[in-house]
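Under numbering that gives the first Met the number 0, the residues of the sequence shown are numbered 0 to 192, in order.
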Amino acid sequence: MYPIFQLWSAIPPESYGDMILTKRHGLKCNGQRSEYPLDKMTKQLKICVACSPGGHFVQAKQLAPAYEKHDHFFFTFSGRMAEELRKTSRVRSIPNIVRHNPLSWIIGLFLSAYIAFADKPDVVITTGAGVVVFFCLFAKMCGAKLIFLESMAKVNRPTLTARLLYPFSDMFLVQWPTLLKYFPRAKFLGRLF
Numbered sequence: 000m001y002p003i004f005q006l007w008s009a010i011p012p013e014s015y016g017d018m019i020l021t022k023r024h025g026l027k028c029n030g031q032r033s034e035y036p037l038d039k040m041t042k043q044l045k046i047c048v049a050c051s052p053g054g055h056f057v058q059a060k061q062l063a064p065a066y067e068k069h070d071h072f073f074f075t076f077s078g079r080m081a082e083e084l085r086k087t088s089r090v091r092s093i094p095n096i097v098r099h100n101p102l103s104w105i106i107g108l109f110l111s112a113y114i115a116f117a118d119k120p121d122v123v124i125t126t127g128a129g130v131v132v133f134f135c136l137f138a139k140m141c142g143a144k145l146i147f148l149e150s151m152a153k154v155n156r157p158t159l160t161a162r163l164l165y166p167f168s169d170m171f172l173v174q175w176p177t178l179l180k181y182f183p184r185a186k187f188l189g190r191l192f
């Protein structure tokens, strides 16, 4: 079993301390590791699972034990996967962003901002890619904690999404130890599969 299921207790206390546990949820942490891992917290967190369709989504679903007992929703691109997911979960989606179409980027930017400010998640768990960068940055502006899990497919070099979100992540996880040289604060806790 992947240790990320207890990911909240793995975040260093200085990363969340008074910000989430005390001010938002009234739980004391006194600069110590929380005795309340994410899957055992007494108060519901609002968690956003932000991911692109395909492999990023498959990896995000593997993390379900960390978020399924909390108020959670998915942020992804519109499409078949989002429609299927809507049958069982709450989904916020935006149109797919086309790399060489500036208008699609602008629309994605504004919709990401709207969703982040409207939903105000406490925690964002993301596996990447694409427009989740915009959403994660706007969610950080709203006070969310950001947990990033780099794609298992990246063994030797990190993704662009990882490089962009690393400075803003409260917890940054890689699935291959070879990526630790790119991210000094990253943690390798194993692989999902």
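For glycine and all other residues, C-beta sits at the position ideal for the given N, C-alpha and C. Please read all numbers here as calculations on a predicted model, not as lab measurements.
- In this structure, the alpha-carbon of Ser92 lies about 5 Å from that of Phe76.
- Under DSSP, Met170 shares a beta bridge with Ile146.
- Between Tyr66 and Ile96, the gap from beta carbon to beta carbon reaches 7 Å or more.
- Shown here for Phe147: same chain residues with a beta carbon closer than 6 Å to its own, the five before and five after excluded, namely Thr125, Leu164, Ser168 and Phe171 in chain order.
- The Cβ atoms of Ala128 and His71 do not sit closer than 7 Å to each other.
- Straight-line measurement puts the Cα of Met140 at about 12 Å from the Cα of Val122.
- With contacts defined by Cβ atoms closer than 7 Å, Phe74 and Ala49 form a contacting pair.
- The three-state reading of DSSP puts Cys135 in helix, counting H, G and I together.
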